[in-house]
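Asks:
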Amino acid sequence: MKIILKNLTKIYPSRDKNKPDDVIAVNGFDFEIPDGKLIGLLGPSGCGKSTTLNLISGLELPTKGQVFFGDDDVTNLPPENRGVGLVFQNYALYPHMTVRQNIMFPLTNVKKKERLSRKEMEEKVLEVAKLVQIEKLLDRKPSEMSGGQQQRVAIARALVKMPRVLLLDEPLSNLDARLRLQTREEIKRIQKKTGITTVFVTHDQEEAMSISDMIVVMKDGVLQQIGRPQDVYDAPANLFVAKFLGNPPISLFKGEIKNNLLYIGDSAIMEKKLSDREVYVGIRPEGFEYDENGPLVFDLERVEVMGRDTSVVYDHACSISDNKRAIIPSETGKLICGDKVRFSIKESKCHLFDIESEELIK
Ligand code: ADP
Ligand code: MG
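Using our numbering, read the sequence shown as starting at 4 and increasing by one per residue.
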């Protein structure tokens, strides 16, 4: 089921006397979520991810704009009539019910004449329990399960009515690191198997990049960029997106274009056919190439061996990022010695941004 957002806007009246302005939680969203894909809504805390999800589910009504599921305008439909499955960070299972009863609940909570037979309900519960691999735990209570298992039950409960759209709000945040990795792969597998259009909210860029077919990067209620994870990583639309994606983060410098050359400090780094101006230079950690004659000379802080790669922590007078780190293959990492290190820069890994607008300079 394709989801279309048209000028979708949510304004909350201010609750803070010191900040009397209304909060524009979601500001004029206009985009399409393609059928059958997993979309990651990504951005820092407070940027409007949950509000967007709640507008899609119907838990919130927009101040302006519309939501379509395919050709259906669902903008004013209550959540129960939209055909959405919801999963939240805190699994919100009913503690006094068994896993079976929890998963069955959405099937029993309908008008009598629409209700399936007991046998049909049992079959559906078993089907989704198998899908999320908890079919052996159906007689347990939620308190007798791990966080990862509880979240699987919550996903099964959201899927039991075969929703048109599955909405997940930071579903992995309460899990420890190992379970988080495992459960995110699980979500990807379930999504692929069912083919249900899924919107996955997270503030964790790695999580979003690793499982999404498409990511939507947001800041302060404003859409920053939408695209396939690799495309957004390779061509960030602005400085915010460049900084938000990637681990280790992008290295940033104050730079300058002079006579068709890009300078960082006194060093000409590469040719750039642009008019003279100051720029921000962003270089991905894998964009540094160890080169004894390279133009960019760094003070070497330390070298961290990671096995496959080597992490080079540097300093430079023009650096403006907190994390100053280049990643190079361990074979060349072995060659580094002394208190200086020289690099040449891969052009495809180097992005320039306008000083005023912070937009990518193409
Ligand atoms: P996220 O999920 O990305 O952390 P939210 O969508 O929860 O962000 O919130 C976006 C903005 O809207 C925040 O500034 C938040 O404080 C504000 N907000 C969210 N819900 C309400 C509400 N019910 N009333 C007033 N402001 C709200
Ligand atoms: Mg949220």
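Every residue, glycine too, gets a C-beta built ideally from N, C-alpha and C.
When the Cβ atoms of the stretch 203-212 are set against those of the stretch 39-52, are three or more pairs found closer than 8 Å?
Replies: Enough Cβ pairs lie closer than 8 Å, so yes.
Asks: Give the secondary structure of L338 by DSSP, where H, G and I count as helix, E and B as strand, and everything else as coil.
Replies: It is coil, neither helix nor strand.
Asks: When the Cα atoms are used, what is the spatial distance from E83 to L363?
Replies: In a straight line, the C-alpha of E83 is about 42 Å away from that of L363.
Asks: For a quick check, are the C-beta atoms of N263 and K275 less than 8 Å apart?
Replies: Yes, the Cβ-Cβ distance between N263 and K275 is below 8 Å.
Asks: Given the structure, does S176 come close to the ligand ADP, in the sense that its CB is under 7 Å from one of the ligand's heavy atoms?
Replies: No, Cβ of S176 sits at least 7 Å from all heavy atoms of the ligand ADP.
Asks: Exposed or buried, which one is S215 when buried takes at least 16 other CB atoms within 10 Å?
Replies: With 16 or more other Cβ atoms within 10 Å, it is buried.
Asks: Run through the DSSP bridge pairs and tell me what F203 is partnered with.
Replies: Per DSSP, G43 and L171.
Asks: Just checking, does the stretch 169-186 make contact with the stretch 150-161 on the three C-beta pairs under 8 Å criterion?
Replies: The stretch 169-186, when compared against the stretch 150-161, does touch it at the 8 Å Cβ threshold.
Asks: When you compare each of Y97, D302, T335 and S333 to A320 by their alpha carbons, which one comes out closest?
Replies: Checked all of Y97, D302, T335 and S333; the closest Cα to A320 is D302.
Asks: Taking the C-alpha atoms as reference points, what is the distance between I199 and D38?
Replies: Approximately 8 Å between the Cα atoms of the pair.
Asks: Based on the DSSP output, what are the partners of G285 in its beta bridges?
Replies: For G285, which the question treats as bridged, DSSP gives the partners L255 and H354.
Asks: Taking 8 Å as the cut-off, decide whether the C-beta atoms of Q69 and D75 are in contact.
Replies: Cβ atoms of Q69 and D75: not closer than 8 Å.
Asks: I'd like to confirm something about K52: is its beta-carbon nearer than 7 Å to some heavy atom of the ligand MG, or not?
Replies: Because some heavy atom of the ligand MG lies under 7 Å away, the Cβ of K52 counts as near it: yes.
Asks: Checking 8 Å against the spacing of the C-beta atoms, do P145 and P109 come in under that value?
Replies: No, these two residues do not count as a Cβ contact at 8 Å.
Asks: Just reading off the beta strand (DSSP E) that Q227 is part of, what are its end residues?
Replies: Here the beta strand (DSSP E) through Q227 covers V225 to G230.
Asks: Is the closest heavy atom of the ligand ADP to the C-beta of V219 under 7 Å?
Replies: No - the ligand ADP has no heavy atom lying nearer than 7 Å to the Cβ of V219.
Asks: S322: which of Q92, K257 and A329 sits nearest, CA to CA?
Replies: It is K257.
Asks: Can you list, in chain order, the residues of its chain whose CB lies under 7 Å from that of K52, leaving out five sequence neighbours each side?
Replies: Closer than 7 Å at Cβ, skipping near neighbours: L44, G46, V204 and M221.
Asks: Classify Y236 as helix, strand or coil using the three-state DSSP reduction.
Replies: Residue state, collapsed to three classes: helix.
Asks: Quick one: give me the first and last residue of the beta strand (DSSP E) that A28 is part of.
Replies: Taken as a continuous stretch (DSSP letters only), the beta strand (DSSP E) holding A28 covers V26 to I36.
Asks: Taking the alpha carbon of R103 as the point to measure from, which residue in E350, R143, K164 and I7 has its own alpha carbon closest?
Replies: It is R143.
Asks: Does the Cβ of V128 lie closer than 7 Å to at least one heavy atom of the ligand ADP?
Replies: No - the ligand ADP has no heavy atom lying nearer than 7 Å to the Cβ of V128.
Asks: Between A211 and the ligand ADP, is there a pair consisting of the residue's CB and a ligand heavy atom that are separated by less than 7 Å?
Replies: Flag unset: Cβ of A211 not near the ligand ADP.
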